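Q: Provided herewith is a single structure, encoded as C-alpha cells, for subsequent inquiry.
Residue numbers (this note's numbering): 5 to 283.
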C-alpha cells in the first residue's frame, strides 16, 4: 500500500510531456529536475540547490536563492516575506512548486521583482484576511501570467480587444515573426500538464523590437526578463492590466487550432471587450 501511495504521488511528475511546445524552453533543466524529483524530495531539493548555487541567483532583496522543504517554513512566517528576507523558497514535492522553481531560473529578474513587490506590500500592510488589490495582481502574475512579446502594435491591440480572428487567423503568419507567447505562471504550467481547450492565461504584453525575433533563445529570454522586471518595478500593477489569452489558441501549440473553426467556440474565445466597445 505504501508503495502504491508513493507511486501515485510521483505520477504527476511522470505525466510531464516535454514535447509540448510551451515546455520547450524549459526542457533541458526540466528533464534533470524531473529525474531528481522521481528519486524523492531530498534528491530533488539537492538538485535545485546545486543549480541555484552555480547560477548565483538572488531573491527580491538580494539574498542568495535556495530551496527548503515546505515544513521548514516557520509557522509564523509569510511565504513571500520569508523568501525576501532569507532567500529560501519553501518547496513541496509537487508540480506546482516544481514549475515555480523553474521560473526562478528562466526569469530570475522578474521573479525577484515580484518577490520584492510582494514583500514591500506585506511590510506596508501586514498579513490580513485578504491580500489587497496590488498583492492580488502580483499573485495573479506569478501564478497565471503569459508573456506576450510583440513587435507589431496591431497584434497587441487585437489581443486587448479579444479580436481572436485578427490575432489567430488573419495574423497567423505573424506568430514567431512579430509576436510570441511564453508561459510564466507556474499554476498555469501545472494545468497544462493535462491541457484543455478553456485553459486561459493572463497575458502581460511586452513591447519588443523587430530584431527580437532574429535573436537566439537565451537572448530573447534575457531581453524579456529585463523588460518585464523593469515594468514591474516602474508602475502600479492591477488585475485589469492583463488580457485573457486562451493558450491552446496559440498557433502551433495545439493541432486542432489549425482549423479556423477552432476559434468559433465563444465559451472559450469570448467576444469580451470587442463587443463592449461597439455598444
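Ideal placement from N, C-alpha and C gives every residue a C-beta, glycine not left out. These figures come from a predicted structure and were not determined experimentally.
Buried or exposed: where does residue 265 fall if 16 or more other Cβ atoms within 10 Å of its Cβ makes it buried?
A: By the neighbour-count rule (16 or more Cβ atoms within 10 Å), residue 265 is not buried but exposed.
Q: So, at 8 Å on beta carbons, what are the nonlocal neighbours of residue 83 in its own chain, with the 5 sequence-adjacent residues on each side left out?
A: Cβ within range, chain order: 77 and 94.
Q: Below 7 Å between beta carbons: does that hold for residue 242 and residue 141?
A: It is a contact, given that the beta carbons lie within the stated cut-off.
Q: Hey, out of 240, 106, 186 and 27, whose CA is closest to residue 139's CA?
A: The residue with the shortest Cα to Cα distance from residue 139 is 240.
Q: Starting from the C-beta of residue 164, find all residues in its chain whose C-beta is less than 6 Å away, skip the five residues before and the five after it, and write them out in chain order.
A: Result list for residue 164: 247, in chain order.
Q: Going straight from the alpha carbon of residue 118 to that of residue 54, what length do you get?
A: The alpha-carbon atoms of residue 118 and residue 54 are separated by roughly 23 Å.
Q: Where does the unbroken alpha helix (DSSP H) through residue 184 begin, and where does it stop?
A: No alpha helix (DSSP H) contains residue 184, which is instead part of the beta strand (DSSP E) from 183-187.
Q: What does a CB cutoff of less than 6 Å around residue 18 pick up in its chain, not counting 5 residues either side in sequence?
A: The answer is none, since no qualifying residue turns up.
Q: Between which two residues does the alpha helix (DSSP H) harbouring residue 43 extend?
A: 31-43 is the span of the alpha helix (DSSP H), which, as asked, contains residue 43.
Q: Should residue 255 be labelled buried (16 or more other beta-carbon atoms within 10 Å of its own) or exposed?
A: Buried.
Q: According to DSSP, is residue 81 helix, strand or coil?
A: Looking at residue 81 - three-state DSSP - the assignment turns out to be coil, as it is neither helix nor strand.
Q: Give me the residue from 156, 267 and 49 with the minimum Cα distance to residue 213.
A: Ranking the options by Cα distance to residue 213, first place goes to 156.
Q: Please report how far the alpha carbon of residue 12 lies from the alpha carbon of residue 130, in whole angstroms.
A: Distance between the alpha carbons of residue 12 and residue 130 is about 38 Å.
Q: Quick one: residues in its chain with C-beta nearer than 8 Å to the C-beta of residue 249, no 5 flanking neighbours on either side, listed in chain order?
A: If we look at residue 249 and ignore the five residues flanking it on each side, its Cβ neighbours are 150, 152, 163, 185, 204, 205, 206 and 207.
Q: Label residue 36 either buried or exposed according to how many other C-beta atoms from any shown protein chain fall within 10 Å of its C-beta, with 16 as the threshold for buried.
A: Per the 10 Å Cβ criterion, exposed.
Q: Kindly indicate the opening and closing residues of the beta strand (DSSP E) around residue 152.
A: First-last of the beta strand (DSSP E) with residue 152: 149-154.
Q: Would you kindly check if the distance between the Cβ of residue 232 and the Cβ of residue 210 is under 7 Å?
A: Yes, Cβ-Cβ distance for residue 210 and residue 232 is below 7 Å.
Q: Give a yes or no on whether the C-beta atoms belonging to residue 257 and residue 25 are separated by under 7 Å.
A: Yes, they are a contact pair.
Q: Indicate whether residue 267 and residue 172 have their beta-carbon atoms separated by less than 7 Å.
A: Going by C-beta atoms, residue 267 is nearer than 7 Å to residue 172.
Q: With DSSP as the reference, identify every bridge partner of residue 93, one or two as the case may be.
A: 71, per the DSSP bridge assignment.
Q: What is the residue span of the beta strand (DSSP E) that residue 209 lies within?
A: Per DSSP, residue 209 belongs to the beta strand (DSSP E) from 204-211.
Q: What does the alpha-carbon distance come out to for the pair residue 223 and residue 110?
A: Residue 223 and residue 110: Cα-Cα distance of roughly 12 Å.
Q: Compare the Cα-Cα distances from residue 229 to each of 124, 245, 190 and 113 and report the closest residue.
A: Closest option to residue 229, Cα to Cα, is 113.
Q: Is residue 5 helix, strand or coil by DSSP?
A: Residue confidence is low: residue 5 scores 44 on pLDDT, short of 50, so the model does not pin down where it sits. Its coordinate-derived value is still stated next. Correct three-state label for residue 5: coil.
Q: So which of 92, 20 and 88 has the shortest CA-CA distance to residue 121?
A: When each option's Cα is compared against that of residue 121, the closest is 88.
Q: Using CA coordinates, which residue listed in 16, 32 and 98 is at the minimum distance from residue 221?
A: Measuring from the Cα of residue 221, the nearest candidate turns out to be 32.
Q: Taking its Cβ as the centre, do 16 or more other Cβ atoms sit within 10 Å of residue 43, making it buried, or is it exposed?
A: Under this definition residue 43 is an exposed residue.
Q: Please name the residue or residues paired with residue 179 in a DSSP beta bridge.
A: 183.
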